[in-house]
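Per this note's numbering, residue 5 is the first one in the sequence shown, and the count goes up by one each step. Heads up, the beta-carbon is just placed ideally off N, CA and C, and yes, glycines get one too.
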Amino acid sequence: MLSIKNIHARVEDKEILRGINLEIKAGEVHAIMGPNGSGKSTLSSVLAGREEYEVTEGSVAFLGKDLLDLAPEDRAREGLFLAFQYPVEIPGVSTTNFVKAAVNEKRKYNGEEPLDAVSFLKLMKEKMAMVEIDQSLLSRSINEGFSGGEKKRNEVFQMAMLEPKLAILDETDSGLDIDALRIVANGINELRRPDRAFLVITHYQRLLDYIQPDFVHVLYKGRIVKSGTKELALELEEKGYDFITEQIDLAA
Ligand code: ADP
Ligand code: MG
Ligand code: MG
């Protein structure tokens, strides 16, 4: 589904990613962890197509297409979901209207008719039940005055509505409380399917108490320095990152 090969990327002349390799297959959940400043958010920004991040080497294939060649909005229409790609706040635009536009843009891109009002409502109801979101939240201006938990619920709802092939979630906000983490984890668990994959980037060990990743990767100084199963996350919880990073620094 996603094949990242030897990605090098820089921001403002500073090389941040220094040869990332990662293969994600349909149905898998991958977690990327690592100390602050390792390049985790840079990796998600590169996959999202943020223009401040310049890819200097390497390639990314998404469902057989050259991802880096696609405009950011086309990446979404091809089935990539990036949580933070969606607007922070848009006064006067409800989640319902925002999601309706996004769903129909995606359908148009894929040569499908827009959903009629009845089908859209049916889909909304189904997904609302799935992610346990309240109607009143969906009719408010998107993210305006939302609590951390409400923002997360909204994000998971958007993900459910857009039915992505690959969802990338960068859990950057250090203000996330345990409820918000649980909402994200439940959403991933609900939306997990054999033909869908997840890349969850997290600073929080605790998130992995609620989701069961198939693979855990440690990113350090712009490279994946260790990969394993969920046991690796447990080991990190116990020992911290030092037992990995010290070896890397010694070898450098
Ligand atoms: P992480 O998400 O692992 O904490 P980041 O990808 O946010 O790490 O950052 C990695 C490095 O890249 C840091 O040194 C950070 O300061 C730098 N960096 C990231 N984005 C920018 C940017 N837009 N401008 C300048 N430096 C950046
Ligand atoms: Mg950071
Ligand atoms: Mg980050």
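Tell me which residue opens and which closes the beta strand (DSSP E) that methionine 37 is part of. 33-37 is the span of the beta strand (DSSP E), which, as asked, contains methionine 37.
Segments of 3+ residues assigned as beta strand (DSSP E) that fall wholly inside the segment 54-87: Those beta strand (DSSP E) runs which fall completely within the segment 54-87 and span 3+ residues are 57-66, 84-86.
When we look at the beta-carbon of alanine 171 and count the other beta-carbons within 10 Å, is it buried (16 or more) or exposed? Buried is the call here.
Shortest alpha-carbon distance to glutamate 109 belongs to which of Ala133, Thr100, Lys131, Ala80? The residue with the shortest Cα to Cα distance from glutamate 109 is Ala80.
Output the distance between the C-alpha atoms of glycine 31 and alanine 201, rounded to the nearest integer angstrom. C-alpha separation (whole angstroms): 5 Å.
At a cut-off of 6 Å, would you count threonine 249 as near ligand 1, judging by its Cβ distance to the nearest heavy atom? Threonine 249: no, Cβ never under 6 Å from ligand 1.
Quick check: leucine 21 and alanine 13, are their CB atoms within less than 7 Å of each other? Yes; because the gap between Cβ atoms is below 7 Å, this pair is in contact.
Bridge partners - histidine 12, DSSP secondary structure assignment: According to the DSSP secondary-structure assignment, histidine 12 is paired through a beta bridge with Arg22, Glu61.
Let me check one thing: in DSSP terms, what residues is leucine 203 bridge-paired to? When DSSP reads this structure, leucine 203 sits in a beta bridge with His34, Ile172.
With DSSP as the reference, label leucine 223 as helix, strand or coil. Reduced to three states, the DSSP call for leucine 223 is strand.
Starting from serine 42 and walking both ways along the alpha helix (DSSP H), at which residues does that stretch end? First-last for serine 42: undefined, no H or E at that position.
So, lysine 44 versus leucine 236, is the Cβ gap smaller than 7 Å? Inclusion of lysine 44 and leucine 236 in the CB contact set at 7 Å is not warranted, their separation being larger than that value.
Extent of the continuous alpha helix (DSSP H) run through valine 135: Residues 121-135.
From the DSSP output, in three-state form, read off isoleucine 228 for me. In this structure, isoleucine 228 counts as strand in the three-state DSSP scheme.
Is the beta carbon of arginine 186 closer than 7 Å to that of tyrosine 208? No, they are not a contact pair.
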